[in-house]
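**Student:** Dropping the structure in here first, questions after.
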């Protein structure tokens with residue numbers, strides 16, 4: 003992180019990072035990024051160790067199952083405590099103010115305490131999840147759709163500047179507008195900002211044009227370049243990924259689209275595509 007990075011008055015002041023319990027603590031991309039972000043903005047950091055699910059299947063007999071569950075709950079709590087200790091030591095060495103908590107039971111509702119914390123932080127940072135990692139995917143969706151706060155999803159590899167080049171995936175929608183508003187403090191400290199619109203992807207006639215977004219950002223002393231992409235082959239997410247790679251972008255800002263109002267959210271195509279396969283951090287808001 004550059005020592006001369008600007009600090010925006012609108013930047014995050016309290017950041018939540020969620021991590022899974024581990025047999026042996028190893029720092030994750032989300033933890034590294036959250037530390038950099040907190041350092042860049044003079045923010046405090048809250049760490050939460052997410053509840054680990056009980057292994058499946060349970061033993062078959064009632065007596066055996068009861069003993070096994072008790073032993074597993076104890077093991078998972080020790081795992082969470084060790085992870086909390088390791089992560090807390092790492093963050094403390096970075097001279098970042100820290101508050102740390104852990105889930106105490108695998109029976110804790112996955113969205114209970116974690117979402118409560120997310121609602122009273124400026125943003126939440128989580129590691130990207132692969133298709134098989136249900137715990138991580140659920141944590142992302144819980145924070146995104148239930149907290150009312152933006153979420154930054156960080157890929158497992160790569161080096162990213164918390165105040166580097168930022169791209170806004172702009173379709174003029176209310177969701178995109180919300181994401182931009184939530185990201186203002188980060189955009190204000192960015193090295194450069196570009197708003198990219200993919201044409202032919204949807205009817206944009208009733209959406210706010212990119213030129214209006216540029217004017218809005220200028221009123222916040224943020225210079226924004228505009229870029230337009232043809233949809234071309236592949237999905238919209240793929241076009242945005244390709245653009246981000248070509249522009250050497252450090253973060254993508256976008257609104258999260260969901261097809262269903264039920265809790266079993268069905269994510270929109272571009273949202274799911276970018277969550278499933280993106281090489282840079284994504285700030286999402288809903």
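Residue numbers (the working numbering): 3 to 288. We put the CB at the ideal spot given by N, CA and C, even for glycine.
Enumerated in chain order, which unbroken segments of the beta strand (DSSP E) with a length of 3 residues or greater are wholly contained in the segment 70 to 125?
**Tutor:** Counting whole runs of 3 or more residues, the segment 70 to 125 contains the beta strand (DSSP E) stretches 100 to 104.
**Student:** Rounded to the nearest angstrom, what separates residue 165 and residue 136 at their Cα positions?
**Tutor:** Between residue 165 and residue 136, the C-alpha separation is close to 31 Å.
**Student:** So, at 7 Å on beta carbons, what are the nonlocal neighbours of residue 211 in its own chain, with the 5 sequence-adjacent residues on each side left out?
**Tutor:** Cβ neighbours of residue 211 beyond the five flanking positions: 174.
**Student:** Would you give the residue range spanned by the beta strand (DSSP E) that residue 194 belongs to?
**Tutor:** Unbroken beta strand (DSSP E) run through residue 194: 194 to 201.
**Student:** Residue 82 to residue 122, Cα distance in whole Å?
**Tutor:** Distance between the alpha carbons of residue 82 and residue 122 is about 23 Å.
**Student:** Between the Cα of residue 247 and the Cα atoms of 91, 279 and 190, which residue gives the shortest distance?
**Tutor:** For residue 247, the nearest C-alpha among the options comes from 279.
**Student:** On the three-pair Cβ rule with 8 Å, is the segment 137 to 146 touching the segment 87 to 94?
**Tutor:** Contact between the segment 137 to 146 and the segment 87 to 94 is absent, because fewer than three Cβ pairs lie under 8 Å.
**Student:** Using the Cβ count rule (16 or more neighbours within 10 Å means buried), how would you classify residue 161?
**Tutor:** So residue 161 ends up on the exposed side.
**Student:** Report the rounded CA-to-CA distance for residue 214 versus residue 221, giving the unit in angstroms.
**Tutor:** Residue 214 and residue 221: Cα-Cα distance of roughly 11 Å.
**Student:** Name the two residues that bound the continuous alpha helix (DSSP H) containing residue 174.
**Tutor:** Looking at the DSSP string, residue 174 is not in any alpha helix (DSSP H), and its letter there is neither H nor E.
**Student:** Under three-state DSSP, which class holds residue 227?
**Tutor:** In this structure, residue 227 counts as strand in the three-state DSSP scheme.
**Student:** Would you give the residue range spanned by the alpha helix (DSSP H) that residue 244 belongs to?
**Tutor:** 238 to 248 is the extent of the alpha helix (DSSP H) around residue 244.
**Student:** Whose C-beta lies closer than 6 Å to the C-beta of residue 219 among residues of the same chain, with five residues either side of it excluded?
**Tutor:** The answer, listed in chain order, is 226.
**Student:** I'd like the span of the beta strand (DSSP E) that includes residue 153, first residue to last.
**Tutor:** Start and end: 153 to 156.
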